[in-house]
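Data first, discussion second: the structure below is written as structure tokens.
There are 2 protein chains.
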Amino acid sequence: KKESAWKRFLALHDALSGWFCVLLIAINIGIIAAIVDIGAIWLSNIKTGICLPAFYLSREQCCWTASNQTYDKYQHVVCDNWYTWANLIRIENGTTTEYIIDYIAYVFFGLIFATLCAILVKTFAPYACGSGVPEVKTILSGFIIRGYLGVWTLLIKSLGMVLGTSANLLLGKEGPFVHSSCCCGNIFARLFPKYGQNEAKKREILSAAAAAGVSVAFGAPIGGVLFSLEEVSYYFPLKTLWRSFFCAMIASLIVKILSPFENQHLGLFYVGNRYRWFYFEMVPFFLLGVLGGLFGALFIKLNLAWCRIRKKTRLGRYPVLEVILVALVTLLVSYPNPFTRMSMSDLIRRLISSCETEDESLLCNYQRNTTSAYEKNESAKPLYGVWLSVGLLCSALVTQTSLFILTFGIKVPCGLFIPSMTLGAITGRIVGILFETLVYYQPNFFLFAAECSTADEQCVVPGFYAVIGACAFLGGVTRMTVSLVVIMVELTGGLSYSVPLMCAALVSKFVGDALVGEGIYDAHIQLNNYPYLDVKAEFVDQTTAVTVLETKQDKNELIMLPRDSLTVGELINIIHTYKYNGYPVVSSREEASIIGFVLRRDLQLVLEQRAVINVQSNLNTQISFSRITHQSNSIHIYRLLNRSPATITLDTPTTTIIDMCRKLGAQTILVTNEKGHLTGILTKKDIIAYVKQKKMK
Amino acid sequence: KKESAWKRFLALHDALSGWFCVLLIAINIGIIAAIVDIGAIWLSNIKTGICLPAFYLSREQCCWTASNQTYDKYQHVVCDNWYTWANLIRIENGTTTEYIIDYIAYVFFGLIFATLCAILVKTFAPYACGSGVPEVKTILSGFIIRGYLGVWTLLIKSLGMVLGTSANLLLGKEGPFVHSSCCCGNIFARLFPKYGQNEAKKREILSAAAAAGVSVAFGAPIGGVLFSLEEVSYYFPLKTLWRSFFCAMIASLIVKILSPFENQHLGLFYVGNRYRWFYFEMVPFFLLGVLGGLFGALFIKLNLAWCRIRKKTRLGRYPVLEVILVALVTLLVSYPNPFTRMSMSDLIRRLISSCETEDESLLCNYQRNTTSAYEKNESAKPLYGVWLSVGLLCSALVTQTSLFILTFGIKVPCGLFIPSMTLGAITGRIVGILFETLVYYQPNFFLFAAECSTADEQCVVPGFYAVIGACAFLGGVTRMTVSLVVIMVELTGGLSYSVPLMCAALVSKFVGDALVGEGIYDAHIQLNNYPYLDVKAEFVDQTTAVTVLETKQDKNELIMLPRDSLTVGELINIIHTYKYNGYPVVSSREEASIIGFVLRRDLQLVLEQRAVINVQSNLNTQISFSRITHQSNSIHIYRLLNRSPATITLDTPTTTIIDMCRKLGAQTILVTNEKGHLTGILTKKDIIAYVKQKKMK
């Protein structure tokens, strides 16, 4: 009775330790995310000025307590407590001197942040650079990159995110959050032997952590789980689904509890179900999808080309200098344009919002007949300010796209969600304004007339087009589908937008796939030659193991260990000459029936143990892999043998072999001929090479 | 050049045919769902009365055009155009005679619908009964049930849903919609050879169809995809994810376009982000989760017991009579209680709505100081009407739970989502009202005081508890997690509710799992002894193939066909004596190296073809499975041979064997001994039996 209670306790502990582990991860990444968010906003504001009564407050918080809050024509909050740097040295608002001094301060602080970030990454954690998603994908596919998920990487990546985004560089925090979160996962998994000591189990924890990463970056827990499922994870059993969900939920809850800002249960770019869309608008949405696909293809092509240049030329040797140069150009270019001067999140928020009647910013300069906020907000004629905004947005689109291509890949933590979404929102808003004008001047065109007459308010809302554009561009770059739509729905809080969002995502994926075969993450995996066997691509092929064996590039000699007739000397020789991962053991070299597979590492350990006693005299000692041997002086290593290695015949279809690698996680596969004798070995790398080669053709 | 264009066209066609197939399925199931929805509402209203100006209108539609619309105290719409049956024969409102006549009409019509439904199912499509989800799960795991997904099943199931729900039986439309949708999938897959002729490919289409089924039932496309992923599907590659998503979206769009009701882009039980929840409310939410788990366990236990009684006793022989009896009891019991008289969807909608200040129904009988709709809706003292409602709801809870247990499993199409959610919403509302009263009378209790003071409106909203209750009860019965939360979010349109919903879902799953090991669907799979190898359960076991072979229940003789020395006579004998699925071919019976595996079906075909010529004289003809033979008069059947059968050794761990069945879809696995000779065969059924046996212990 007592024993059974203890057993049940152990079983319970075993079952709960995974949950407890992801809980720890969630709490940790939640706290980190909250700190990063608050820090980034504060540092970002420091570029433009300071809150004199309390320096630790951001611009928005600073103005909460101020007596007179106003908004300038780009909807920045302005108040007495907040001093620009020019104000601080008593230069009046609106003068050229003020502009120049603020410009210099902006560039100066931005440069400092960027330099600091690059130096930190270079000095303490070189792995902390980049987005991290391609590497996490590779790790989750079974490859081990030592130190990639360490404590230092976590610290520097988190700090780097704050500094990088504050410097107004064209980079986001989502990829890095996924990486940080996986670092947390790796660190906490060590506390639980069940997960820390089993790489496969640890990967389940990492999948859940990846979900939490997206969840905290966007406040989109469901989208995070789907992102982990669709984009990052390799093997995703249902238990992982539940844990990921739990992890993502807790993490987003922690961020929301700690966040000092409003709307605690709402999305980052909340618009709610305010906008209503009409079926004829599917045409511009489709167009935005096409634009998104084109943008994605262009971005991937040019970014890859630039990364290759970086790798090959001298540029790659001066990463810090490169970051400083990119930051300098970015800061110089972005200040004059008010739309790029603000942070990208602010810009997106601005672009997706609708023009209320009392709104007097440039972007909302419409000829309205009404002034009261309670009246119906009908379509109106766009005036000078709107067209000026379109011009500014167009120039922003060009500069930011070029900078984005140069930025993604520099040696600081850099994600690409927010930049892609920004560019998409800009394009979407422009398309929206153009389409709005068209509908305004041609109200009786048959497509518009019928549906617009049923509208309560404006028929075409440019803000909604910015939402769709953001979705399309992000889709074009990453080729996500379901997770993208869910993330967008969670970000905007607009469940009724799922159909147009899906339309844009699918169109941009199709267009993008037609032009460049793979998303940015897979492209970077290819670029870096990571051993990643794509789990998504359907592989249609009629060949069998024979073909794969024949096309194997490095036709190594097939080494087999005979079960009984092997001496220590021979073994030492083999181990030194052929540094493979392991060797098959066969009944005899002539009639090579497979007995098992033995790892080189294990053999080395045995030899080291034995060698301690006396080296030379033992060279002729027999080694036996049999269960029972009659020779008493031989070395028995039966227990080292993996007696059920993955085995196929020469006639096994290639698709089955790929499935064995993907789904059963086979690393080495033995091939037998018709007689059941060993004739070859295929490793995962051989198969990856074969698939790549096939794809090229 | 031309050829390559043709090739590209073929490739494009190949790639697009799957998308086109799911598009057809989506459109079809969308249209069916719209017809079923409209039909069910109309028929359901017919029980209570008729719209005299236009008999084809439902009660709500009928009153849209009426001059004087009012609402009775249970928020039923009342207007001049709508006549109850008593009104029709000129009996005045409010009299006892009217009550009795309406009661009789209600029972009469309900009985007719139920009887018709049962007779239709029994006569035309016996497979159309039940929820269909357990069977669809089994089919998707690789088992084939002929005729289960046919045209007749689709028609009768759709019609049966209309009749069954109209009869006020305790059943929903979600499971049946999944089944209908899979029927559509099966029917349309036949049009595309790529999918129609390949069972594995067809299952991908069926997975997408299942997603569309939930999508149209609830207007929850994302939830539908996740339901298909989490609950229904066995193998869910990413391509299927995208297709499912597309299919679900289109289907829900079609339903919304065709639906004559309002709120076209919103969820079925829309409440929006109106309610705000506080952290201290997690306590009652947790409680609701526990109640949901308890309810689920109780329901599964009792329903299974009742189903066993039905199977064993005479009851099972009179399915139509059983339906009529259950319907009679249901109708008699549900009319007197106004909460059960309405349809379950209406009841849920009523229970999750909040009490606006001008609301004067029984459930909203609070002592309000304000009367204007624009004033702040603060907590108020519940009056007599609220307590009467609680009493009615309690009695409804008891009667409906008992009826639900008896109903699920009768021979009509019956889902369990809506009934479970109804019972959950009732419980939730009761708990909500009790908790609201507690907070109202103890406003200074430390937990409540701090947070409630920040509330804009009421602190505790009982309607929100109904939402959580619905989630918890459904979770307890089905053990869904992620998909459940997403479905609830989509149904209510409340993205900000995901945390409390998740809390309730996880708690109810844990409690339920602790009491009864599996959800209702898996329980019914067990009950019906379907050959389903659970893909979710983690199987921890140290045994190897030896153990599985030893515990095999029906220790059949191991039949091997020698490669060269087999005669037609021997083969005919073997085929007649041992009716296995197929036979292994070995080099010779003495030294049984595996050459391949040959299906019995194929051998029969060959023998039939040969036998036509002359039977007797051929009995001694040699059969050869070799690639090349020297005997000219022998029968060569090398090409029938599967030369790469799944092969394992006696030392292969059981977990690997299970993975081969689950992930590689192996049906028959050959076992070799240390010498590489065949020693046994394991079929999927053996493995299922072994897993079951292990679980029992």
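Those protein sequence lines, which keep their order, are chains A and B. Here the working numbering is used: the first residue of the first sequence is 1, the next is one more, and so on. Here the working numbering is used: the first residue of the second sequence is 698, the next is one more, and so on. For each residue, glycine too, the CB sits at the ideal point set by N, CA and C. Given the structure is predicted, the values throughout are model-derived calculations rather than measurements.
Segment limits, beta strand (DSSP E) that includes residue i
i	result
V1283/B	G1279 to V1283
I1325/B	I1325/B -> no beta strand (DSSP E), and no H or E assigned at all.
Y83/A	W82 to T84
T1380/B	L1375 to T1380
G1172/B	G1172/B -> not in any beta strand (DSSP E); alpha helix (DSSP H) instead, spanning P1159 to T1175.
I788/B	Neither: I788/B is in no beta strand (DSSP E) and is coded neither H nor E.
G839/B	Counting along the chain, G839/B falls outside any beta strand (DSSP E), and DSSP gives it neither H nor E.
Alpha carbon of residue i to alpha carbon of residue j, nearest angstrom
i	j	result
T48/A	T115/A	18 Å
M1199/B	F295/A	38 Å
I1366/B	V1237/B	20 Å
Q264/A	L363/A	Note on Q264/A: pLDDT 49, under 50, position unreliable in the model; no value is reported.
T649/A	V671/A	5 Å
F706/B	S714/B	12 Å
L315/A	G409/A	12 Å
F840/B	S930/B	13 Å
K1382/B	V1182/B	35 Å
Y768/B	W19/A	50 Å
C1149/B	L1212/B	36 Å
M1185/B	R243/A	19 Å
M1257/B	V1388/B	27 Å
Y106/A	V461/A	34 Å
A702/B	A708/B	10 Å
Delimiting residues of the alpha helix (DSSP H) encompassing residue i
i	result
V107/A	T96 to F124
C760/B	R756 to W761
F597/A	Note, F597/A: premise wrong, no alpha helix (DSSP H); beta strand (DSSP E) at I594 to L599.
L1367/B	Not the alpha helix (DSSP H): L1367/B falls in the beta strand (DSSP E), residues T1365 to T1369.
C880/B	E871 to A886
G861/B	V848 to S863
T492/A	V482 to T492
Beta-carbon spacing of residue i, residue j below 8 Å
i	j	result
G1166/B	G1125/B	yes
I657/A	L566/A	no
A731/B	I951/B	yes
G869/B	I1049/B	no
G857/B	V1109/B	yes
S483/A	L226/A	yes
Q1117/B	N1034/B	The question names Gln, but residue 1117/B in the sequence shown is Ser. In this structure, N1034/B does not lie closer than 8 Å to S1117/B by Cβ.
V36/A	S158/A	yes
Y1275/B	E1305/B	no
I257/A	L23/A	no
I726/B	V913/B	yes
Nearest-angstrom Cβ-Cβ length linking residue i and residue j, presumed shorter than 8 Å
i	j	result
I145/A	F269/A	About 34 Å; that fails the 8 Å criterion.
I32/A	S180/A	6 Å
R1260/B	S1323/B	6 Å
G1279/B	L1268/B	About 13 Å separates the two Cβ atoms, so there is no contact after all.
G910/B	V875/B	4 Å
Report task. Scan the segment 898–983 of chain B and note each continuous alpha helix (DSSP H) run of 4 residues or more that stays entirely inside, going in chain order. Result -> 918–924 and 935–955
**Report entry** Those runs of the alpha helix (DSSP H) which lie wholly inside the segment 1016–1088 of chain B and span at least 4 residues
**Finding:** 1016–1031, 1035–1038 and 1041–1049
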